[in-house]
Amino acid sequence: MALHGDRAPQRRDADRASGNPFAILGDPAIDQTINTPYSRLAADPVPPEVAYQLIHDELMLDGSARMNLATFVTTWMEPQAQRLMAESMDKNMIDKDEYPQTAAIENRCLAILADLWHVPDPSVVTGCSTTGSSEACMLAGMALKRRWTRRTGADPTRRPNLVMGANVQVCWEKFCNYWEVEPRIVPMSGERFHLGPEEAAARCDEDTIGVVSVLGSTFDGSYEPVAEIAAALDELAARGGPDVPIHVDGASGAMIAPFLDPDLVWDFRLPRVASINASGHKYGLVYPGVGWVLWRDADALPEELVFKVNYLGGEMPTFALNFSRPGAQVIGQYYTFFRLGRSGMTTVQRAARDVATSLAARIDAMPQFRALTRGDQLPVFAFTTSDDVTGWDVFAVSRGLREHGWQVPAYTFPPDRTDLAVLRVVCRHGFTHDLADLFLRDLERVVADLESGAAARTGASGFHH
Ligand SMILES: Cc1ncc(COP(=O)(O)O)c(C=O)c1O
Numbered sequence: 001m002a003l004h005g006d007r008a009p010q011r012r013d014a015d016r017a018s019g020n021p022f023a024i025l026g027d028p029a030i031d032q033t034i035n036t037p038y039s040r041l042a043a044d045p046v047p048p049e050v051a052y053q054l055i056h057d058e059l060m061l062d063g064s065a066r067m068n069l070a071t072f073v074t075t076w077m078e079p080q081a082q083r084l085m086a087e088s089m090d091k092n093m094i095d096k097d098e099y100p101q102t103a104a105i106e107n108r109c110l111a112i113l114a115d116l117w118h119v120p121d122p123s124v125v126t127g128c129s130t131t132g133s134s135e136a137c138m139l140a141g142m143a144l145k146r147r148w149t150r151r152t153g154a155d156p157t158r159r160p161n162l163v164m165g166a167n168v169q170v171c172w173e174k175f176c177n178y179w180e181v182e183p184r185i186v187p188m189s190g191e192r193f194h195l196g197p198e199e200a201a202a203r204c205d206e207d208t209i210g211v212v213s214v215l216g217s218t219f220d221g222s223y224e225p226v227a228e229i230a231a232a233l234d235e236l237a238a239r240g241g242p243d244v245p246i247h248v249d250g251a252s253g254a255m256i257a258p259f260l261d262p263d264l265v266w267d268f269r270l271p272r273v274a275s276i277n278a279s280g281h282k283y284g285l286v287y288p289g290v291g292w293v294l295w296r297d298a299d300a301l302p303e304e305l306v307f308k309v310n311y312l313g314g315e316m317p318t319f320a321l322n323f324s325r326p327g328a329q330v331i332g333q334y335y336t337f338f339r340l341g342r343s344g345m346t347t348v349q350r351a352a353r354d355v356a357t358s359l360a361a362r363i364d365a366m367p368q369f370r371a372l373t374r375g376d377q378l379p380v381f382a383f384t385t386s387d388d389v390t391g392w393d394v395f396a397v398s399r400g401l402r403e404h405g406w407q408v409p410a411y412t413f414p415p416d417r418t419d420l421a422v423l424r425v426v427c428r429h430g431f432t433h434d435l436a437d438l439f440l441r442d443l444e445r446v447v448a449d450l451e452s453g454a455a456a457r458t459g460a461s462g463f464h465h
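Numbered per UniProt numbering, the sequence shown spans residues 1 to 465.
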């Protein structure tokens, strides 16, 4: 949203006249001499230190990203990773001809993910990097839709549909809207907060392009039972019903499960899984924006979706919504894989899960709260107020925590559990046991204030997934 009315410089002439040598950092009244551009370019340039300092200072209003327990997105990387990313900031990912080594590194990351996700033939990896999981999901959804069109013929009287739980991230609603696919949403029910196998199979028909299964859910961090969903779809096909592929939205979990749950079968080991996406910038431990999508084999990605672009003398296959895109994040992903290796990734993810399970247990032990998930799948958990709490609600807790600097979203669950309002904590690398102790202390203070009536006690928030 634009803020109108540029602030007029009040001291510029006086300053120019005095030639104030402190007119940059040391001048406490610096911004009175500058016309901060809110809606129009200023007439003249300003020195780089001035532009830097004033924008840097404004950004302090964003609060501390490390205390943001709402986001799944990486908020800390090592200085060496930052240096490498700064060095490759000028590389355009699409210019594979000009930056062949960046392209080779992207392919190494894809091969590493193909290995982690058990692609049947690792010698032919079909996949690409993206700006994040949303773009990756769009591409995977398009492939599913195109495969359905091929199967059924381009019959304008038929309408494709996609089956998913009400807990899917908003990118799937976007996909359905943008690509004119009917969303078949399975509502939550009772204590089932994500997609169940029977519910998924019951909604499939000959026009179902696929089932989306989420590992794990944005709403509460739980893993959906991908193997059971696959088994229910196997059974449906065996009974003569439609043969429906699965896309696993592993935005977060596809970077957790390979390290912490190696025996959980959720990936290409299931023949029904056609494609998988993950966010490099979530538990892939890279600053935003990088995502990944892989198909089980070349057949799962209709060839006509892949453009062969003749670009400055080279021919390159691309499947993407964007054209130009920064290369730095892909380099950051490779740094993380290279630096940590399998055991390092396992240690980092385990540390996040340990903090999540221990914090969820301690919050659950408070008489005022009930944990809905325990942080033992994604290092993420949701909790709500106990039945005997009536005078205040989760929204007041979220507001109270904000006053202590913590950002913890409060929101109601989707249908059919819109009656249930929760708080969610995302434990990421860098949120240590020490910080979790301090968070718990602040949560106890917020509760004490609410119980004594010292703080506003109810009210909704505008949090969106
Ligand atoms: C399950 C799931 N899918 C997709 C997304 C969208 O991911 P991105 O922000 O990388 O576009 C998210 C983001 O939270 C998510 O949790």
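A virtual CB, placed ideally from N, CA and C, is assigned to each residue, including glycine.
Check this for me: beta carbons of residue i and residue j, under 9 Å apart or not?
{"i": "W295", "j": "A278", "result": "no"}
{"i": "F219", "j": "A382", "result": "yes"}
{"i": "L378", "j": "S213", "result": "no"}
{"i": "R457", "j": "A361", "result": "no"}
{"i": "V181", "j": "I209", "result": "yes"}
{"i": "C427", "j": "L69", "result": "yes"}
{"i": "L236", "j": "V244", "result": "yes"}
{"i": "P288", "j": "V447", "result": "no"}
{"i": "F175", "j": "F413", "result": "no"}
{"i": "C137", "j": "D297", "result": "no"}
{"i": "R184", "j": "R158", "result": "no"}
Taking 8 Å as the cut-off, is the beta-carbon of residue i closer than that to any non-hydrogen atom of ligand 1?
{"i": "A356", "result": "no"}
{"i": "V214", "result": "yes"}
{"i": "G132", "result": "yes"}
{"i": "A251", "result": "yes"}
{"i": "Q329", "result": "no"}
{"i": "E78", "result": "no"}
{"i": "E451", "result": "no"}
{"i": "V422", "result": "no"}
{"i": "F72", "result": "yes"}
{"i": "H281", "result": "yes"}
{"i": "V168", "result": "yes"}
{"i": "S217", "result": "yes"}
{"i": "G291", "result": "yes"}
{"i": "E135", "result": "yes"}
{"i": "C427", "result": "no"}
{"i": "C109", "result": "no"}
{"i": "C171", "result": "yes"}
Just the Cα atoms here: how many angstroms apart are residue i and residue j?
{"i": "Y283", "j": "M255", "result": "6 Å"}
{"i": "I94", "j": "R325", "result": "7 Å"}
{"i": "A103", "j": "K96", "result": "5 Å"}
{"i": "W266", "j": "R272", "result": "10 Å"}
{"i": "V380", "j": "P45", "result": "46 Å"}
{"i": "T432", "j": "G332", "result": "23 Å"}
{"i": "Q80", "j": "F338", "result": "12 Å"}
{"i": "Q101", "j": "Q329", "result": "14 Å"}
{"i": "L401", "j": "D62", "result": "15 Å"}
{"i": "D434", "j": "R342", "result": "26 Å"}
{"i": "V170", "j": "S217", "result": "12 Å"}
{"i": "P9", "j": "M60", "result": "Residue placement at P9 is poorly supported in this model, since its pLDDT is 49, which falls under 50; the coordinates still yield a value, given next. Straight-line Cα distance between these residues: approximately 22 Å."}
{"i": "S386", "j": "A365", "result": "11 Å"}
{"i": "H247", "j": "L41", "result": "46 Å"}
{"i": "R269", "j": "W117", "result": "8 Å"}
{"i": "L113", "j": "S275", "result": "12 Å"}
{"i": "A454", "j": "D442", "result": "15 Å"}
{"i": "A257", "j": "L264", "result": "7 Å"}
{"i": "R147", "j": "V286", "result": "32 Å"}
{"i": "V408", "j": "D437", "result": "15 Å"}
{"i": "W76", "j": "P156", "result": "49 Å"}
{"i": "Q349", "j": "P415", "result": "31 Å"}
{"i": "D234", "j": "A200", "result": "12 Å"}
{"i": "L423", "j": "S398", "result": "7 Å"}
{"i": "T346", "j": "P48", "result": "42 Å"}
Going by DSSP, which residues form a beta bridge with residue i?
{"i": "M164", "result": "I185"}
{"i": "Y223", "result": "L215"}
{"i": "L294", "result": "G127 and I276"}
{"i": "T384", "result": "R370"}
{"i": "F307", "result": "T318"}
{"i": "L423", "result": "F383 and A410"}
{"i": "P245", "result": "BP columns for P245 are empty, so no partner."}
{"i": "T208", "result": "N161"}
{"i": "P326", "result": "N92"}
{"i": "R192", "result": "S189"}
Counting only C-beta atoms, is residue i closer than 9 Å to chain B at any point?
{"i": "G405", "result": "The question asks about chain B, but that chain is absent: this structure has only one protein chain."}
task: Could you tell me whether the segment 222 to 231 touches the segment 125 to 136, where touching means 3 or more Cβ pairs closer than 8 Å?
output: Output reads no: the segment 125 to 136 does not touch the segment 222 to 231.
- request: Would you be able to state if there are at least three C-beta pairs under 8 Å between the segment 351 to 361 and the segment 369 to 377?
  value: A contact is defined here as three or more CB-CB pairs under 8 Å, and the segment 369 to 377 meets this definition with respect to the segment 351 to 361.
query: Do the segment 134 to 144 and the segment 386 to 404 make contact, defined as three or more Cβ pairs closer than 8 Å?
result: These segments do not touch.
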